[in-house]
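Yeah, the sequence shown ends on 206 if you go by the numbering used here, and it's all consecutive.
Idealized CB from N, CA, C, for every residue including glycine.
Because the structure is a prediction, the values reported are computed rather than measured.
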Amino acid sequence: MNVESAMNTALNNFNALLATTKIGIFFISFAILLFILMLFMLCFYFGKKLGTIEAQKNQEKLLEEARIDAVRRSRSVLNGQLVEQIAPFLPDFPCNPADCRFIGKPVDFIAFAGLEEHDNTDEILFIEVKTNNSKLSQRERSLKEAVEKKKVRWVEFRLKNYP
44 MNVESAMNTA LNNFNALLAT TKIGIFFISF AILLFILMLF MLCFYFGKKL GTIEAQKNQE
104 KLLEEARIDA VRRSRSVLNG QLVEQIAPFL PDFPCNPADC RFIGKPVDFI AFAGLEEHDN
164 TDEILFIEVK TNNSKLSQRE RSLKEAVEKK KVRWVEFRLK NYP
């Protein structure tokens, strides 16, 4: 017991010395600061890990939504292209299908009304086929405006001295 009580006395004296001296106060303050810093770093590390995991989950969700949207849009485009190709053969089409020439862009068809029946063109039609609620693109609107303003002309391009 003598050794044990001597140890306890020495520890008590050391603790009292640490608590009362400037070095002791500095050491205790440094230890507390170090503990808080380590706690902060630990919280930062786990917060960063949790944020990364959450970001990955959100990224996967966004990617899945983007894939579904891409498939939906692709189907819509394919259906629109199919309808464009068969439109001249549907009821209420504005002219004889034999008078139509498929262009695709910026307008779907150019039709030369009357050309097939009596070898004379009565009218030239620019035909844009749209399905459901689809709207004209900016290019298509500008073409429509040019036709409506009669900004259409005939150009004959001749090649001279061409073999």
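When the distance is taken between beta carbons, is residue j closer than 8 Å to residue i?
i      : j      : result
ILE170 : PRO140 : no
PRO131 : CYS143 : yes
LYS187 : LEU179 : yes
ALA156 : ASP165 : yes
Could you spell out where the beta strand (DSSP E) holding residue i opens and where it closes?
i      : result
GLU166 : 166-170
Short of 8 Å in beta carbon distance, which residues of its chain neighbour residue i, apart from the five on each side in sequence? Order them along the chain.
i      : result
LYS203 : none
GLU183 : PRO149, VAL150 and GLU171
Looking at the secondary structure, which residues open and close the alpha helix (DSSP H) in which residue i lies?
i      : result
SER185 : 181-191
Between which residues of its own chain and residue i is the CB-CB distance below 7 Å, once the five residues before and five after are set aside?
i      : result
ILE146 : PHE152 and ILE153
SER72  : none
Entirely enclosed alpha helix (DSSP H) segments - the segment 119-163, minimum 4 residues: Whole alpha helix (DSSP H) segments, 4+ residues: 158-161.
Determine, using beta-carbon pairs with one atom in the segment 93-110 and one in the segment 124-132, whether at least three such pairs fall under 8 Å. The segment 93-110 vs the segment 124-132: no contact.
With a cut-off of 8 Å, do at least 3 Cβ pairs link the segment 170-184 to the segment 151-161? Yes, they touch.
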